[in-house]
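Positions in the sequence shown are counted from 1; adding 239 to them yields this note's numbering.
No residue lacks a Cβ here, since even glycine has one placed at the ideal position from N, Cα and C.
Everything numeric in this text was worked out from a predicted model, so none of it was measured.
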Amino acid sequence: MSLAITGGTFLILACVGLPFLIIARNGQRLLATGVPAQAVVESMDDTGVTVNGQPLVSFLLTVRMAEGMAYQVTHRQTLPRIPMGVVTPGVTVPVKVDAQRRERVRIDWASWRPVPYGA
Numbered sequence: 240m241s242l243a244i245t246g247g248t249f250l251i252l253a254c255v256g257l258p259f260l261i262i263a264r265n266g267q268r269l270l271a272t273g274v275p276a277q278a279v280v281e282s283m284d285d286t287g288v289t290v291n292g293q294p295l296v297s298f299l300l301t302v303r304m305a306e307g308m309a310y311q312v313t314h315r316q317t318l319p320r321i322p323m324g325v326v327t328p329g330v331t332v333p334v335k336v337d338a339q340r341r342e343r344v345r346i347d348w349a350s351w352r353p354v355p356y357g358a
């Protein structure tokens with residue numbers, strides 16, 4: 240009986256946790272191999288979901304590639320607590336874009352530097 244409960248618990252945890260692990264792995268891969276670009280935050284909405292203490296936010300981004308092409312994409316990603324009050328509509332953030340599927344983007348928080356106030 241306890242083996243069945245343990246197996247059932249493991250199965251449930253695997254079904255719930257596996258998609259998050261896959262998304263995290265794909266996001267890290269995109270940050271490592273994606274094409275660098277800039278994106279302007281057009282709007283952002285709280286999804287009501289928190290991942291590891293960070294809110295999951297739905298961003299509407301206007302992505303501008305190096306060759307000048309611009310397009311809009313809706314993207315969901317966690318927003319770290321440090322830049323939370325600084326990231327607002329109109330802010331430009333660095334992104335990495337999937338070369339084959341340009342609708343797949345990832346905000347590169349590690350290389351983001353906010354513009355100083357009044358600059």
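A direct Cα-Cα distance of roughly 16 Å separates Gln311 from Val274. The beta carbon of Arg303 sits closer than 8 Å to the beta carbons of Ala276, Gln277, Ala278, Val279 and Ala309 from its chain, once the five residues preceding and following it are set aside; these are given in chain order. For Gln311, the enclosing beta strand (DSSP E) begins and ends at Ala309 to Thr317. About 33 Å separates the beta carbons of Arg320 and Gln339, which is beyond the 8 Å limit, so they are not a contact pair.
CA-CA distance, Asp285 to Pro328, rounds to 13 Å. Under the three-state reduction of DSSP output, Ala349 falls in the helix class. Counting along the chain, no beta strand (DSSP E) covers Val325, and no H or E run does either. The bridge partners DSSP lists for Gln339 come to none. Linking His314 to Trp348 through their CA atoms gives a straight-line distance of about 14 Å.
Apart from the 5 residues on each side of it in sequence, Val290 sits with its Cβ closer than 6 Å to the Cβ of Thr317 in its chain, given in chain order. Going by C-alpha positions, Leu300 is about 17 Å away from Glu306. Arg303 is bridged by DSSP to Gln277 and Ala309.
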